[in-house]
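**Q** Questions regarding the structure given below will be posed in turn.
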Ligand code: PMP
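Shown next, in the form of structure tokens:
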């Protein structure tokens, strides 16, 4: 693992951040999880744009702007030195007085971590994930805008914990209306009669970069795709369901709340899109070389 902090690359035991940083005190900040594929940072500029939008919504000025963050990610990836990996970029509100008021925080902190990728076990990727519907709902855009990938991930943490306690792999999160929002850290797609559908981000999911890539790959492959509101029943009645995310990539879902989806194995549309995704991430245009 390599970590960029305070202008230099250090090891994990040297990387320190203040206990008075509002990122720690209030989850006040934004982050990105980014993949390294074939010695390129996958869709780096899209990740940076999402982070910049989130920071702007929170009123956090990016120190040095997006260009500096871009250099930091590339420097961290180079220091890590491997062809494949995972990069976590964080910008926190910075150190300030106790209390939620951010006006005393004048110096946002930047941290960038490069590490090996942690995946679902290989058998899970082949057979599909077991999901349970989380009892807690995903906050809507009227509470916390899902387009802000903020450091406050408790809603996802609790959903994942609930799923693991029940022996499942991940949680399906519904919004306050009972519609499908997303999984704990991944977007949800259903497949029915050869067409794919995923909820619009306004239903409570992040505008995932993997989701966007899959929608483009589906268009290129002539697979009909739509963004529409989905209920839990749409998931249960689907021929196939899969999740997309930086960590998960394109991963099939086998069951929801103990009920098998489709044939209970990875279906042909999921497999086709997962294969197209695996090819795409190695194309030179898909990322920035380091
Ligand atoms: N939803 C949430 C809540 C996430 O944290 C993530 C992971 N960033 C995703 C969806 C998937 O987004 P992406 O494909 O950009 O990783």
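In the numbering used here, the protein residues as written are 214 to 503.
Every residue, glycine too, gets a C-beta built ideally from N, C-alpha and C.
#1: Does DSSP put residue 328 in a helix, in a strand, or in coil?
#2: Suppose only complete runs of 3+ residues qualify. What are the beta strand (DSSP E) ranges in the stretch 442 to 500, listed by chain order?
#3: Between the Cα of residue 298 and those of 238, 452, 329 and 268, spot the shortest distance and give me the residue it belongs to.
#4: Take the Cβ of residue 316 as the centre, count every other Cβ of all protein chains shown within 10 Å, and call the residue buried at 16 or more, exposed below.
#5: If you check the beta carbons only, do residue 495 and residue 472 fall under 8 Å apart?
#6: With DSSP run on the structure shown, which of helix, strand or coil describes residue 196?
#7: What number of angstroms, rounded off, separates the C-alpha of residue 302 from the C-alpha of residue 410?
#8: Going residue by residue through the stretch 260 to 319, where are the continuous alpha helix (DSSP H) segments of at least 4 residues, counting only ones entirely within it?
#9: Which residue marks the beginning of the alpha helix (DSSP H) containing residue 340, and which one marks its end?
#10: Is residue 442 closer than 8 Å to residue 392 when the C-beta atoms are compared?
#11: Excluding the 5 residues flanking residue 447 on each side, which residues of the same chain have their C-beta closer than 6 Å to its C-beta?
#12: Taking the alpha carbon of residue 481 as the point to measure from, which residue in 468, 455, 492 and 397 has its own alpha carbon closest?
#13: Quick check on this structure: which residue in 394, 377, 290 and 217 has the alpha carbon closest to the alpha carbon of residue 358?
#14: How many Å lie between residue 243 and residue 260 at the Cα?
#15: At the level of alpha carbons, what is the spacing between residue 296 and residue 412?
#16: My assumption, with CB atoms under 8 Å, is that residue 388 sits in contact with residue 416. Please give the rounded CB distance.
#17: If you reduce the DSSP assignment to three classes, tell me which class residue 246 lands in.
#18: Run the CB neighbour count on residue 437, radius 10 Å, all protein chains shown included, and call it buried at 16 or more, exposed below.
**A** Short version:
#1: strand
#2: 453 to 458 and 462 to 469
#3: 329
#4: exposed
#5: no
#6: Look at the range of the chain in this structure, 214 to 503, and you will see that residue 196 is not part of it.
#7: 30 Å
#8: 278 to 293
#9: 335 to 340
#10: yes
#11: 403
#12: 455
#13: 394
#14: 11 Å
#15: 33 Å
#16: 6 Å
#17: strand
#18: exposed
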